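FYI, in the numbering used here the residues of the sequence shown are 376 to 536.
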Amino acid sequence: MGDTGLSERWQAYYDAAGGTDSGDKDVQTRLASADGNKGGGKGGSDGDLKSSKGPWNTASNALDELRRNATTALGDLKHGQEGAGVASKGVEGLESTSVQQRVFNSWEARLTVVRDECGELMGKLQKAGKDLANQDEAIETLFKAQDTRPIPPPGGPSGSW
376 MGDTGLSERW QAYYDAAGGT DSGDKDVQTR LASADGNKGG GKGGSDGDLK
426 SSKGPWNTAS NALDELRRNA TTALGDLKHG QEGAGVASKG VEGLESTSVQ
476 QRVFNSWEAR LTVVRDECGE LMGKLQKAGK DLANQDEAIE TLFKAQDTRP
526 IPPPGGPSGS W
């Protein structure tokens with residue numbers, strides 16, 4: 376194909392994508408699966424775009440599992456530190472108690488943030504899925520409830536203003 380001034384590598388990508396050295400011609404862009412039919416679904420041609428709460432619930436469930444795992448890990452971490460000189464307990468003769476305490480505090484804080492963030496995001500994802508799934512119905516209801524309606528011109532539909 377033509378030379379666009381691109382490096383050989385980028386020229387190969389450009390040519391493979393159907394690019395041409397068009398000079399003064401308009402450059403065209405096509406969206407993936409844009410075949411001129413209605414959007415939505417596979418191939419962009421089987422109807423209107425619809426929202427589904429399934430993927431949102433799947434993501435929310437994954438976060439719930441991660442939250443539960445973080446809670447378990449936090450409990451295991453605290454249990455594992457018993458007798459190691461953390462918190463109010465001390466171990467006589469252990470020189471690394473303060474370092475161990477800092478490491479424990481650091482991991483406790485991290486796991487707490489993970490647990491809390493997962494819990495917060497779970498609810499947001501569930502709400503997003505529910506809201507998006509109901510969006511189609513809500514929009515249809517809004518348009519059906521429109522008060523202002525077109526009126527025919529004087530003399531009927533074929534008349535003129």
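Heads up, the beta-carbon is just placed ideally off N, CA and C, and yes, glycines get one too.
None of the values given here were measured: they were computed from a predicted structure.
- Under the three-state reduction of DSSP, Leu381 is assigned to coil, being neither helix nor strand.
- Judged by pairs of C-beta atoms under 8 Å, the segment 450-459 does not touch the segment 487-507, as fewer than three such pairs exist.
- Within a 10 Å sphere around the beta-carbon of Gly504 sit 16 or more other beta-carbons, which makes this residue buried.
- Rounded to whole angstroms, the gap between the alpha carbons of Asn436 and Glu515 is 30 Å.
- The segment 432-449 makes contact with the segment 485-496, as at least three CB pairs between them are under 8 Å.
- Between the beta-carbon of Leu507 and that of Leu452 there is about 37 Å, and that puts the pair past the 8 Å contact cut.
- Classified as exposed, Arg443 has fewer than 16 neighbouring CB atoms from the shown chains inside 10 Å of its CB.
- Bounds of the alpha helix (DSSP H) holding Lys505 are 472-519.
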